[in-house]
Structure formats: C-alpha cells, structure tokens
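Take a look at the structure set out below.
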Amino acid sequence: MVSLELYHQTYTYDTGNNLTRLSHQAQSNTWQQTITLHPNSNRGTENNNPNNFDANGNLSNLDNIGNLNWHYNNTLSKLTKQNKTTEYYVYDHQGNRVRTVIETNDQIQSQRNYLPSLDISTNQVNTLHIGTHILVEQTKDNIQTHYQFSSHLQTNTLELNEQAQVISYEHYYPYGGTAIIAGKDKTQVQQKRYRYTGKERDDSSGLYYYGARYLAPWLARWISPDSAGSIDGLNLYAYVDNNPLKYIDPTGHIFTISWDDFSSIINKHLETKRLNIWVGESHTELEGKVLMLNLDSDILQKRNIIFEACNKKAGTVIPWSKDSPHLSLGYILSDAAKSQKLKDTSSSVYKLTQHRKGYSIASDDWSNVVSDKAELKRQGLTGGSDFLVGAAHLMFHAVDSHAKSMGMSKNAFPAYWNFSPNTSIALIPKTVFDNFPASISRKSGAGKEYGLWVLGKDGSTENAALILGKKHTIKNIFGNLATKIPRSFYALKPPSTSTASPPERTKSCVIL
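In this text, residue positions in the sequence shown follow the working numbering: the first is 9, and each later residue adds one.
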C-alpha cells in the first residue's frame, strides 16, 4: 500500500535566474540539491563540474547516467550509458527526431520510429501513439488502449483503459520529476512515456524531448542553450522563466496560447485601454481575411476597420450595401473556385462596415504612413481600429529595392510602428511564414519585437497566427507570455497544440 504525505519544496535562484539550490522537506525524507554554475556563464551541473559542456554549450555528461554526444547543429546524437548501452537519435532535415535506436554490445535491442502525430516502436511491445492523448500498445496476445488525461499544463496525470479503469496515476514535481506514480500493473506503469507537459520522457536518460531541446527535470533546466539566441533573456538554459507551475514551453522556444485565451485577454485590455490590431495577410490567400472575421466575432468592442487601398487616398470607406462591389483588392486567380472563395470572403470583410466605421490607408502605394494617419484623424478617426494590410508591412524593417521602385516610404515598414506603436499589435497568419522565401531578410527587428503564437479559432496550428509588437506594448497586454522575436523568423519553432496558461506570473515556487 502506498503511503502519502505532504511535502514542502523551496527553490533558490541567483541574480542570473539560475536555480542554485532545491530543498525538499517531508516527514519521511529531507534532502537538498545544489547546482554548480560556471563563474562566467549560466551553465550549471550537479556534479561540481561546470566545465562539463562542449564548445557550443551543450551538456556532455549526465551524472550517474552516461555521456552525451552532439551533432554539429546541436541536436543530441547519442547517449552512452555506464552499462555500455548506447541510444542513438536520428533527425530529419528540419531537426525533428524521427528515430531512436538502442544498442547493447553492438546489437540492436529496440528502435522507435516517429511519424507526424504518431510513433511506432519495435520491441517486445509495439506502440502506436496517436495525437497527444491516445496511446495504443500491442503485444502478441493483447491490445491495450491508454486514454491520457492532462492538467492545465497538458501534463498527463491519469491514464484509463477502454473500460475507464485506472492504468496509472502520476503526480509531478514542478519541473517534471515524478513525485508519485501508481497503478495496478507494474509493467504498464513502467511503459508510460508521454508525461510532463505531454512530452516524451526517454527511459534511458530521463530527459524530456521538446523538439528544439531536451529538458532535465532534476536540473530544472534545458541541457543545451536556446538556438534562437538571447531572444528570451541572457539565461539560455532557463525553462519558462523558472515558473513551471503556470507556463509551458511547447517546443523549447516560444509560447502558444488558445484563441479563447487571446480573445479574453484582449477584451479585458480593451475595458480600460485603447488598442489597434493590425492583421497582416497574403492578398491572394484567405487566412488574413478569416482572421479579421474572427476578431469581429470574438472581440466585443466594435472599433473602426481600416483597409489597405494603395490606389486611393487615405480616408473614409463607403459602408457596404447590397449594391456595393466586392472588396476584390484587384487580384484575379487562375483557380476559379479559389478566386470565388476569395471574392466571397473579401465581401464578408467589407460587410463589417455595416456596423463599424470604415477607412482606407496606404495612399499612393504607401507613400507616407504618418500623413495617412493625420488625414484619417482629420476625417474623424478616433479610438482603436482593426487593420487589414499586406503582411510585409508588419514583418519588414527596411525598404527593399522593389518597394523603393514603387515609391513606398520607409515608415511603411513596419507600418504599425509609425502609426501608433504604443497602442498597436500585429497578427500574422502562420501560412504567411510557411510561404515566406528563405532568401528574403527582414533586415532588423531583433531584440525590439516581442511575441507569441495564438492557435486558430478552430484550435488548429494550421490556422495559428503570430502576435507581434513592441516590447512595452505587448508585455503590457500578455505579460511574460511574450518573448523576444529573433531577426530571422526561421529561428522560431512553429506553434503547438500544447498551450500556455494566461495568468500573471509569480516568482514564488512552493509546493505543499
């Protein structure tokens, strides 16, 4: 019979946001763990050897477990354990882990192959992992389905079978270590792999695999530095700013929130403050326009709506009526069905002017955003607005040769910085980034922009959008959910279905 008791943990951090000491107190057991830090960096270990890293800052030894080897691109190559067992890790061209192989005495003992949203294991047990919360295990004589129920952190705490009987229950320490795990069948309990924040914990190492990096729960930190650089502060090893009770890092880089949380945060902000929301779109795609319609549906305050109209002067837009032409934006597509859908969706956006005051911006091909702002104010623009413009005018920080040839002004990049930077944020659909040419540079923006992902209204990552804004503006709205955005968008991992929780952060970390 399992005996349960209360415990108390105290976490101590230095001025560099590094965990230096963990104290655990309980009636049956009291212990303390100390992390040794390099005097000139944030590299830390528990074996009094802060130099136990390679030249790129990757941890090279797991105390009492084995040695780690890394590829040139800082992905974990293999773990060589003290019992001579070696686990190899294979990745695709995007850095996603696609296979793990375990060898003993040069003989393959088991291997696991990963496909999108599922993985297939070969051993005495075949495993199929579908999505996030369904696990199917097949042996010679049995097929077992696991339904995994998660906490607000997407942590799998309870597993049930098809008869709703308990397979396992697990309670975790704040950084993912197991406080208690129990179940009727010891073998089934030991086979649980998807655990803390819904991530896979490797049996051989005890590390959690997050895609971009590996988390060591007993060290309460990543074992390699942030590949995006110091976009989230100078400490490249800290996990979610040392507040794991409220926040997760789905991929090892940037936070993702749900659409419901996003709309709730914005509605709360608008109760007392003004805000402009700039939606950046690809003019020949639907996603930006759909995003505008979703904002109209879920943001309670009906503000002005402002369209990009490069061939016109800035000013008011005639409200939609049944005789109005559709808002075609002048794009005719070769795909007739897509062209019609684009036309219909554009018209739906234009119809928003029935209950919202409409304006246009981008006079003479974005010749001067500041002048446009003055003209709109002269024509009665007050309060906050929702904008629909080309995504380039929210992403770039310089005028390229093409924009120059069209007479575009420098203050059109990014336009929202020069219209009302202190009260503006941008929303850019994920599909824009998916089609973003690798050869095009944003020129600048590193260290100045903060952001986070928001899932689509349907909960999908396909319809997600990146929230972007100046630090003081976006931090005022989203707090520490917003992290620095690097100069290259390719340094960002894509959004995740594992979403972060929106409450304000606190530095305390005491568990009872």
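In this text, a Cβ means the ideal position worked out from N, Cα and C, and glycines have one as well.
Under DSSP, Lys-492 takes part in a beta bridge, and its partners are Tyr-458.
Scanning the segment 76–132 for uninterrupted beta strand (DSSP E) segments of 3 residues or longer gives 84–89, 93–99, 105–112, 115–123, 126–130, listed from N- to C-terminal end.
Between Tyr-204 and Tyr-216 a beta carbon distance of about 6 Å is seen, short of the 8 Å cut, so the two are scored as contacting. Leu-402 is positioned such that its CB atom lies no closer than 9 Å to that of Ala-370. Burial is judged here by how many other beta carbons sit within 10 angstroms of a residue's own beta carbon; Ala-317 has at least 16 and is buried. Across the structure, Phe-157 and Asp-249 are spaced so that their CA atoms are roughly 26 Å apart. Gly-74 sits in a strand when the DSSP states are folded into three classes.
Check the Cα spacing between Asp-380 and each of Met-414, Phe-315, Tyr-96: the tightest is with Phe-315. For Asn-302, the closest alpha carbon among the candidates His-291, Ser-271, Thr-292, Ile-326 is that of Ser-271. In this structure, DSSP gives Trp-230 an extended state, which the three-state scheme calls strand. Listed in chain order, the non-local C-beta contacts of Lys-478 below 6 Å within the same chain comprise Pro-429, local neighbours out to five positions each way being set aside. Within a 10 Å sphere around the beta-carbon of Ala-224 sit 16 or more other beta-carbons, which makes this residue buried. In the three-state scheme derived from DSSP, where H, G and I count as helix and E and B as strand, Asn-251 is classed as coil. In the DSSP assignment, Tyr-180 falls within the beta strand (DSSP E) that extends over 174–180. When the five nearest sequence neighbours on each side are left out, the beta carbons in the same chain lying within less than 6 Å of the beta carbon of Asn-64 are those of Asn-82, in order along the chain. The DSSP assignment places 432–437 as complete runs of the beta strand (DSSP E) inside the segment 395–452, in order along the chain (cut-off: 3 residues). Residues of the same chain with a CB within less than 7 Å of the CB of Gly-185, apart from the 5 flanking positions on each side, are Pro-225, Trp-226 in chain order. Put simply, the backbone Cα of Ala-172 is about 11 Å away from that of Leu-166. Note: Ala-190 is bridge-paired with Tyr-177 in the DSSP secondary-structure output. In summary, Leu-12 is exposed, with fewer than 16 beta-carbon neighbours lying within 10 Å of its beta-carbon over all protein chains present.
Distance from the CA atom of Arg-282 to the CA atom of His-16, rounded to whole angstroms, is 43 Å.
Distance from the Cα of Thr-153 is smallest, within the candidate group Ser-159, His-480, Asn-104, Ser-176, for Ser-176. In the displayed model, Thr-38 falls within a strand according to three-state DSSP.
Excluding residues up to 5 positions away in sequence, Tyr-217 lie with their Cβ nearer than 7 Å to the Cβ of Asp-210 in the same chain.
A direct Cα-Cα distance of roughly 16 Å separates Gln-387 from Phe-427. DSSP, reduced to helix, strand and coil, places Trp-374 within a helical segment of the structure shown. Nearest to His-32 by C-alpha distance, out of Ser-49, Leu-14, Tyr-21, Asn-48, is Leu-14.
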